[in-house]
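Each residue of the sequence shown is one higher than the one before, starting from 288 at the first, in the numbering used here.
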Amino acid sequence: CKNGALCNPITGACHCTAGFKGWRCEEHCDQDTYGNNCHQKCQCQHGATCDHITGECRCPPGYTGAFCEDLCPPDKHGPQCEERCPCQNGGVCHHVTGECACPPGWMGTVCGQPCPEGRYGNNCSQECQCHNGGTCDLATGQCHCSSGYTGERCQDECPIGTFGIECAEICQCMNGGKCYHISGECLCDPGYTGVHCETRLCAEIVYGLKCDKKCPCHLPNTHSCQPMSGECFCKPGWSGLSCNESCSPGFYGESCQQICSCRNGADCDSVTGKCICAPGFKGSNCSTPCPVGTYGINCSSICNCKNEAVCSPVDGSCICKSGWHGVDCSINCPSGTWGLGCNLTCQCLNGGACNILDGTCTCAPGWRGEKCEYLCQDGMYGLDCSERCDCSHADGCHPVTGYCRCLPGWSGIHCDSVCAEGLWGPNCSLSCYCKNGASCSPDEGICECAPGYRGATCQRICSPGFYGHRCNQACPQCVHSSGPCHHVTGLCDCLPGFTGALCNEVCPSGRFGKNCAGVCTCTNNGTCNPIDKSCQCYPGWIGSDCSQPCPPSHWGPNCIHTCNCHNGAHCSAYDGECKCTSGWTGLYCTQRCPLGFFGKNCASICQCENGADCDHISGQCTCRTGFMGKYCEQSELGTFLTHYYHEIELSFFLHTLNSFKICFSKKVVKHCPVDQWINEAYLQQVSITKNLELSVFLEDAHSHL
C-alpha cells in the first residue's frame, strides 16, 4: 500500500487515505473528485483545480471565493486577486488581466487622460457637434452653449425676449425694442430711446417727426401710439386700427393675436384667455370631464345613481344597467323580465330562474339546457347538472338528489361503503365463514385466503415448499436454514451467524448469532466468530475479548512465542521484533554498535579524534596516550608548539620508532588522509626557528608515545 494507506493484516487489502485510489492507493483522485474513496465531488468553478485530498479550490487568475465563484473585487485582479488595479477616474479593471476599461470622457492605460478638445465618449471615439462656441461634455457629448445660444447643438439663437447663458435672462426692452440675444442690449424702434427703450420722443397722445400729429387711437382701449407712425398699440382684448374692436371668438390678448385653448364648447375671456367651462367639464382648458359621481357647472353637483348606473356629467340623469329601472336605477326588473329597461321576457322552463341582466337561465337541480328543457345526462345530477354521481358500485343515481342505487355488497348514500368484515350480499345481510384472517367477497361471499393459507374456508396452511397468495409461489433455495421457508412471507429461517434472503451471507463484521442481532465484544482488532461470538485475537493479544496484552517476554498469535531479545531490549508483542537499547544492534540486540557509532539505533556518530576509543552506549571518548580533551582533540605537545606556531598546529603520527610522517591542518589537528602527508620537499619549506631543533622535537615526540 502506498501514500500512507492502511493495510488489512488479514486480507492485505489497502484502505486508502483521503485523495488516493487504486488497488494499492497509487493513484490520485480524478480531477473532479477528492476525499475518502474519492467519493466527494469538487465544487470548484471557472476552471479552478481541486485539491485531491481536501477539495480546496485553487482559483485561476481573476477569481476568488471558496469555490472560485466570485470575480475579484473591483480594485483587485490577477492570481489570487492580489494585484491592485491601477485604474483612475472610475475606470473598471479587468478581473484577470488588470486592463482598464475607461468610462466615457477618459482615455489612456490607466484612464488618467481626459478626452482632447473636440472629442468625447467611450475611448474618446466620438466627435463633438457643438456650434457657436459651445463646449462638449467629455462623457455624454452634451453641448454647454455659450451666451446667447441654445438647442441640442447650440445651433439656435435665444428665443425672442431672452438672452445670456442658457437663455435664462429676460429681455427688458420696451415699446417694441429688439433685444440682442448675447448681451441683452436693446435696439429701439424709431421714436424711442433709453437703455430699455422706455422713453418716448413724443408725448403720449401725439406722433410725427415734429410730434405735431394727434394719435388716432380709442384711448381707453389703447396702450399707446407709435411716436413716429402713429400706429395704435391696443390693450389685451381689443384690435383694429383704432383699438375699437373686440377680439373675434377664439382669440384674446394683445392685438387679439393669441389663440384660445378652451375646449368642449367653453367660452374664452377676450382679455385674459381664461376658459369658462360648459356643464360636464372642468380644468384650465375645460378638457377634463367631470369625475365619476359628479356633474354640472364646475362638476359641483353629486350624482345619485344606484347599482353602477352611468351618470350624465352634463345634467346628472341616470342611464341604468341591464336588470334595473327607475329614476335612480334602484328597482329590479319585475319577475319574468330582464335587460335594458326590463323590456325583454324570460324563456326559462321547469322552474328555471332568469338573470335580470342578460336573460340567461339558472336551471333547477336535475335540469339542463339553454332553457332548462332537458334532464341531467346519465352520471350527473344537481344544480346545472354539475355534480358527478359518485356511485362506484350502483345502478345509477337520482338526477336531483344524487342518491345511488347500490349493488349487493355495498351501502351508503354513494355506495362507497363496502360490507363490514364478515358480512356480504344484499344489504350486507349474510355472514362469512372464512378462517385464518381470510376475507369474503362482499357480493358473492367467496373466501379470499390470506397469504400462506388455502382451502374453501382457508383452514389449511400452504404445502411445504410453497408460500404466499394462494400458495402458488415456490420457496427460494435456502442455504444455511433450519427448514423450508415461512408459509406466509417466504423468508428463510437462517441459522445463527448467517443472514440474507437465502441465508447465504455471513453476519456483517461486529455482529453474530440469530438474525445477526448480537453485538461482538472483541477488542484490539480481534476477529469475531459470527456463530458463537468467540474472538480470534490479533497477534499480541489474548483473552475472551482480546483485551489482555501478551505477558512479558511473549508475542504472536495467542502469545505462544517467547521473546529472544538481549541486553535489555524490549520485544514487540505483535511480531517479536526487538527494540534495542542504546549502544546495541542486530536482530536480537546482541551486537555492539559498529566502530564510530553509538547511542539509540547506533544513529549517533562518534566525535573522538586521534585514534581514541568511543563508548558504544554513551559516545564518551577514551583518549590514547599523548592526547586529551572531550574528543581527544588536544595533544600534550600543544603547549610546547604553541610558543612557536600561533596559527599552524602540527600533529604527529609515529608508525615506527625509525620512521615518521607529518600532517598539518591550519586549525584542528586530526588523523590525516594519505594525500595530506607532507613529503620531505615540503618539509624543507617549513620555517623552523632557532629555538626548535628537529632532533629535540623527535626525541620529545618519541618520549610521549
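A virtual CB, placed ideally from N, CA and C, is assigned to each residue, including glycine.
For the beta strand (DSSP E) containing residue i, name the first residue and the last one.
{"i": "residue 682", "result": "681-684"}
{"i": "residue 512", "result": "509-512"}
{"i": "residue 692", "result": "691-693"}
{"i": "residue 520", "result": "519-521"}
Residue i by DSSP, collapsed to three states: which one?
{"i": "residue 790", "result": "coil"}
{"i": "residue 874", "result": "coil"}
{"i": "residue 469", "result": "coil"}
{"i": "residue 756", "result": "helix"}
{"i": "residue 722", "result": "coil"}
{"i": "residue 400", "result": "strand"}
{"i": "residue 805", "result": "strand"}
{"i": "residue 413", "result": "strand"}
{"i": "residue 506", "result": "helix"}
{"i": "residue 637", "result": "coil"}
{"i": "residue 967", "result": "Because the pLDDT at residue 967 is just 34, under 50, the model does not fix this residue reliably, and the value given afterwards should be weighed accordingly. Helix at residue 967."}
{"i": "residue 528", "result": "coil"}
{"i": "residue 671", "result": "helix"}
{"i": "residue 476", "result": "coil"}
{"i": "residue 887", "result": "helix"}
{"i": "residue 713", "result": "helix"}
{"i": "residue 845", "result": "helix"}
{"i": "residue 642", "result": "coil"}
{"i": "residue 919", "result": "coil"}
{"i": "residue 895", "result": "coil"}
{"i": "residue 358", "result": "strand"}
{"i": "residue 748", "result": "strand"}
{"i": "residue 586", "result": "helix"}
{"i": "residue 602", "result": "coil"}
Between residue i and residue j, how many whole angstroms is the CB-CB distance? I'm expecting something under 8 Å.
{"i": "residue 681", "j": "residue 702", "result": "4 Å"}
{"i": "residue 808", "j": "residue 832", "result": "5 Å"}
{"i": "residue 602", "j": "residue 582", "result": "7 Å"}
{"i": "residue 781", "j": "residue 768", "result": "6 Å"}
{"i": "residue 668", "j": "residue 676", "result": "6 Å"}
{"i": "residue 432", "j": "residue 441", "result": "4 Å"}
{"i": "residue 708", "j": "residue 689", "result": "Rounded, the Cβ-Cβ distance is 28 Å, inconsistent with contact."}
{"i": "residue 803", "j": "residue 789", "result": "Residue 803 to residue 789, Cβ: 15 Å. No contact."}
{"i": "residue 644", "j": "residue 610", "result": "4 Å"}
{"i": "residue 391", "j": "residue 409", "result": "5 Å"}
{"i": "residue 787", "j": "residue 771", "result": "The Cβ separation is near 17 Å, so there is no contact."}
{"i": "residue 471", "j": "residue 448", "result": "The pair is not a contact, with the Cβ atoms about 10 Å apart (cut-off 8 Å)."}
{"i": "residue 638", "j": "residue 686", "result": "Not confirmed; about 14 Å, so no contact."}
{"i": "residue 859", "j": "residue 842", "result": "6 Å"}
{"i": "residue 430", "j": "residue 439", "result": "7 Å"}
{"i": "residue 829", "j": "residue 845", "result": "6 Å"}
{"i": "residue 342", "j": "residue 322", "result": "6 Å"}
{"i": "residue 901", "j": "residue 910", "result": "Residue 901 to residue 910, Cβ: 11 Å. No contact."}
Sort out for me which residues DSSP pairs residue i with in a bridge.
{"i": "residue 836", "result": "828"}
{"i": "residue 546", "result": "538"}
{"i": "residue 308", "result": "314"}
{"i": "residue 431", "result": "422"}
{"i": "residue 388", "result": "379"}
{"i": "residue 456", "result": "450"}
{"i": "residue 364", "result": "370"}
{"i": "residue 823", "result": "814"}
{"i": "residue 442", "result": "Paired residues: none, contrary to the question."}
{"i": "residue 858", "result": "865"}
{"i": "residue 619", "result": "611"}
{"i": "residue 785", "result": "793"}
{"i": "residue 394", "result": "400"}
{"i": "residue 631", "result": "625"}
{"i": "residue 328", "result": "320"}
{"i": "residue 900", "result": "909"}
{"i": "residue 302", "result": "293"}
If you measure from the CB of residue i, is any heavy atom of the ligand ADP nearer than 8 Å?
{"i": "residue 661", "result": "You won't find the ligand ADP in this model; it holds no ligand whatsoever."}
Legend entry - Touch test, the region 656-667 against the region 618-626, Cβ-Cβ under 8 Å, three pairs minimum: no
Legend entry - the region 485-497 contacting the region 511-522, beta-carbon criterion three pairs below 8 Å: yes
Inset, instruction - Would you check if there are 3 or more beta carbon pairs closer than 8 Å linking the region 568-585 to the region 543-552? - result: yes
Inset, instruction - Evaluate contact between the region 377-386 and the region 401-408, counting only Cβ atoms and requiring at least three cross-stretch pairs below 8 Å. - result: no
Legend entry - contact_flag[the region 333-341, the region 857-870] where n(CB pairs < 8 Å) is 3 or more: no
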